[in-house]
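Undergrad: According to mature numbering (1 follows the signal peptide of the UniProt record, and there is no 0), the residues represented by the sequence shown are -19 to -1, 1 to 207, in order.
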Amino acid sequence: MKMLLVFLLVMMAACPAIPQDLSGKMFTFPQQTNTAHVKLTSSRQSLGAVTVCLRFFTDLRREHALFSLSTSSFSNDFMIQWDDKNKEIEPHIRDQKVEYGGQDFKLNMWHSVCTTWDSSSGLAQVWLDGQPSVRKYSSSGSSISGSPIIILGQEQDSHGGGFDINQSFVGMMSDVHMWDYVLSSCEIQKYVDELNFTPGNVLNWKALDFQIVDRVLIEEKQSSCH
Ligand SMILES: [Ca+2]
């Protein structure tokens, strides 16, 4: 009996949290801090291609991070931020910045953003509310590898830390998915339209393994009445 208890305690310590189905829910980041964030866990160690899709709602009129993945090699191994000064969405991939201007980005409404990248061509592309950007070169020849730390709500200047209050996210975020391949335009359209799509195989909003630090709330996603 004692042995069984010890075994169970060891198992509980070794196993990550049970993934949660967050369908219909959102993370609310209600205040500007340099601490509040959600840490997402994935067991994936190597990514030769990536698609990240998420929805967000904000009234921030400053730079802010939407998604921050660091490894021990690069603090911005896969990071997506809004540059308010230049009105650009800027993915950073393997610490290489790509700028996409001319986005029709409005405050106080839900937007979807999907970012794709393939290490063989090095091409990255951003889809804001289903509108594709130019396909631009960022980084090629090597995969994102090593233990990634994935954070929502803050931007990492070091592996798992180095948060800056002036880059923090304030608002709501939902439907975060990450795949280890480039989604087709049809798959992205299905995501944008909230139709049936293949959930992320690296991060899946319907089975999300995560940890909340400080004031981030899980709430029902508010949608308009019909
Ligand atoms: Ca920073």
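The beta-carbon is built from N, C-alpha and C at its ideal position, and this holds for glycine as well.
If contacts are defined as beta-carbon pairs under 8 angstroms, then S149 and Q137 qualify, I think. What distance do you get, rounded to the angstrom?
TA: 12 angstroms between Cβ atoms; not a contact.
Undergrad: By the DSSP assignment, the alpha helix (DSSP H) with K171 in it spans what residues?
TA: 166 to 173 is the extent of the alpha helix (DSSP H) around K171.
Undergrad: Between E71 and ligand 1, is the CB less than 6 angstroms from at least one heavy atom?
TA: The answer is no for E71.
Undergrad: Taking S54 and G127 to be in contact with their CB atoms under 8 angstroms, please state how far apart those CB atoms are, rounded to whole angstroms.
TA: Contact holds; Cβ gap of about 6 angstroms.
Undergrad: So, with DSSP's three-state summary, where would you put A188?
TA: The answer is helix: DSSP assigns A188 an H, G or I state.
Undergrad: In this structure, does DSSP put Q77 in helix, strand or coil?
TA: Residue state, collapsed to three classes: strand.
Undergrad: Decide yes or no for the touch test of the stretch 73 to 92 against the stretch 103 to 117: beta carbon pairs closer than 8 angstroms, at least 3 of them.
TA: Yes, the stretch 73 to 92 touches the stretch 103 to 117.
Undergrad: Output the distance between the C-alpha atoms of I(-2) and M153, rounded to the nearest integer angstrom.
TA: Taking the straight line from one Cα to the other gives about 23 angstroms.
Undergrad: Please classify V163: is it buried, with 16 or more other beta-carbons within 10 angstroms of its beta-carbon, or exposed?
TA: Its Cβ being crowded by 16 or more others within 10 Å, V163 is buried.
Undergrad: Can the beta-carbon of I70 be found less than 7 angstroms from the beta-carbon of Q84?
TA: Yes; because the gap between Cβ atoms is below 7 angstroms, this pair is in contact.
Undergrad: Counting pairs of beta carbons, one from the stretch 107 to 126 and one from the stretch 79 to 99, are three or more of them closer than 8 angstroms?
TA: The stretch 107 to 126 vs the stretch 79 to 99: in contact.
Undergrad: Just mark V157 as buried or exposed, buried being the case when its beta carbon has 16 or more other beta carbons within 10 Å.
TA: Flag for V157 reads buried.
Undergrad: Quick one: what does DSSP say I131 is sitting in, helix, strand or coil?
TA: The answer is strand: DSSP assigns I131 an E or B state.
Undergrad: In three-state terms, what does DSSP make of I(-2)?
TA: Coil.
Undergrad: Can I130 and D58 be called in contact, C-beta distance under 7 angstroms?
TA: Result no, Cβ atoms of I130 and D58 do not sit closer than 7 angstroms.
Undergrad: Helix, strand or coil for Q13, going by three-state DSSP, please let me know.
TA: Residue state, collapsed to three classes: coil.
Undergrad: DSSP puts I193 in a beta bridge; with which residues?
TA: According to DSSP, which records beta bridges pairwise, I193 is partnered with V19.
Undergrad: Label R43 either buried or exposed according to how many other C-beta atoms from any shown protein chain fall within 10 Å of its C-beta, with 16 as the threshold for buried.
TA: So R43 counts as exposed.
Undergrad: In whole angstroms, what separates the C-alpha of I132 from that of V173?
TA: Taking the straight line joining both Cα atoms gives about 22 angstroms.
Undergrad: Determine, using beta carbons only, whether L21 and W186 come nearer to each other than 7 angstroms.
TA: Going by C-beta atoms, L21 is not nearer than 7 angstroms to W186.
Undergrad: Whole angstroms is fine: what's the gap from F38's alpha carbon to S120's?
TA: Their backbone Cα atoms lie some 29 angstroms apart in a straight line.
Undergrad: Using beta carbons (cut-off 7 angstroms, strictly below), is Y162 in contact with chain D?
TA: Although the question refers to chain D, the structure presented lacks it and comprises just one protein chain.
Undergrad: To the nearest angstrom, how far is the alpha carbon of residue 209 from that of V19?
TA: A question about residue 209 goes unanswered here, because the residues of the chain that appear run from -19 up to 207.
Undergrad: For V194 versus M159, is the C-beta spacing smaller than 7 angstroms?
TA: Cβ distance not < 7 angstroms, so V194 and M159 don't count as in contact.
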